[in-house]
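One structure is given below, encoded as structure tokens.
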Amino acid sequence: SSAQRFNTFFANYTDANFRNGDPSKWVVISGPLFAEVSAFYKPIIADPVVAGTIFLGEQSVWRTQDWGGDQTFLELNCPEFTTPGDQPGCGDFVKIGNGVPSTDLTSALWGDRSLGTVAQVARSSTDSNTMWAATSTGRVFFTSNADAAAGSVVWERLDSSSSVDPGRFVSGITIDPANPNHAWLSYSSYSSLTTETPGHVFEVTRTAPSTATWTSLDSPGGTPFPDFPATGIARDSNGDLYVSNDWGVLFLANGGASWVPAGTGLPMVEVAGLTIVPSARLLYAATHGRSAWRLRLP
């Protein structure tokens, strides 16, 4: 097929295009997704290693392995402009998880911090097995077989092993390409609301099944990360960290001691997401209402 595109509108609604964005060829692929509650803007990613695979989060993590379904069937039966978003048969997403204790990562069967929705899904660019996921209530999950048959995927809950994680909305996850058990997480909201477990930026290392360490990077010795809601995180291949917030983007150099503004020229505006393209040495920042910006990295 031609260049494949997909996107979400809001809540469960999701569509795809197999015709290089031809406006008349968008198709509905969200039929199965209406079985669960979704955030207004749910997380959705293309697998960086396995072509055709899309992951997204609602109450569970959902997966398709063929861009949402058979192209011929979807174009004949699920044209976007005349098809309801919950049309049965339009889309082949399935929930992944073996149901122990629940495929629903927001379920009370997992213990405390229940309800909410899956807020983040992340895959390594160098490992086709590992996935991290997190919920809006601060749960953090890990699986080492995200590419297995849907009913064979085994989730572990990591945050319940930590006494220092903030337990707030997880706004970003970036995985170490050299070690899929190692990641950096950003948290929204304010430390003043979780005074016993403060922090916005953490280095997290899975050390054993269902066990991980959380190390705060908010106060590396110099200028600390302010008590701002962190909205996203990206890590450069040289180890530098970039964290977005409601007023811009802050930067912590690899081995550095201070959080400082990343570059110049960005308006004081909420940055909703960050993406680094290491080969191009570019950081992209998506803002709320002030377009997208890029920063050339050293």
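Numbering follows our numbering, with no gaps: position 36 of the sequence shown is 21. Even for Gly, the Cβ is constructed at its ideal location relative to N, Cα and C.
Rounded to the nearest angstrom, how far is the Cβ of Ala135 from that of Arg191, given a contact under 8 angstroms? That pair is no contact at about 22 angstroms.
I need the straight-line Cα distance from Asp221 to Val245, nearest angstrom please. Cα to Cα, the separation comes out at about 16 angstroms.
Rank Ser204, Asp0, Tyr175 by C-alpha distance to the C-alpha of Phe213 and give the top, closest one. Checking every option, the nearest Cα to that of Phe213 belongs to Tyr175.
Cut-off 6 angstroms between Cβ atoms - residues of its own chain near Lys80, not counting five sequence neighbours on either side: Here the set comprises Ser45, Trp47, Thr88.
Whole angstroms are fine: how far does the CA of Asp7 sit from the CA of Ala20? Roughly 29 angstroms between the two C-alpha positions.
So, at 6 angstroms on beta carbons, what are the nonlocal neighbours of Gly240 in its own chain, with the 5 sequence-adjacent residues on each side left out? Answer for Gly240: no residue qualifies.
On the criterion of 16 or more Cβ atoms from any shown chain inside 10 Å, does Met116 qualify as buried, or is it exposed? By the neighbour-count rule (16 or more Cβ atoms within 10 Å), Met116 is buried.
May I have the straight-line CA-CA distance separating Ser113 from Thr272, to the nearest angstrom? Their backbone Cα atoms lie some 30 angstroms apart in a straight line.
Less than 6 angstroms between C-beta atoms, sequence neighbours within five positions excluded: which residues of the same chain meet that for Gly367? Beyond the ends of the chain as shown, which are -14 and 283, falls residue 367; an answer cannot be given.
What is the DSSP secondary structure of Thr11, counted as helix, strand or coil? Rather than Thr, the amino acid found at residue 11 in this sequence is Trp. Here Trp11 carries a strand assignment [DSSP, helix/strand/coil].
Per DSSP, which residues does Arg48 bridge with? Please list them. BP columns for Arg48 point to Phe40, Val79.
Whose CA, out of Arg124, Leu282, Asp55, lies closest to the CA of Val262? It is Leu282 whose Cα lies nearest to the Cα of Val262.
For Glu188, which residues in the same chain have their Cβ closer than 7 angstroms to its Cβ, ignoring the five residues on either side in sequence? Only Trp169, Thr200, Leu202 meet the Cβ criterion.
Can we say the segment 127 to 141 touches the segment 62 to 76, given the rule of at least three CB pairs closer than 8 angstroms? The segment 127 to 141 vs the segment 62 to 76: no contact.
Out of curiosity, what's the CA-to-CA distance linking Glu60 and Thr67? Going by the C-alpha atoms only, they are around 12 angstroms apart.
Length of the line joining the Cα atoms of Val138 and Gly248: About 41 angstroms.
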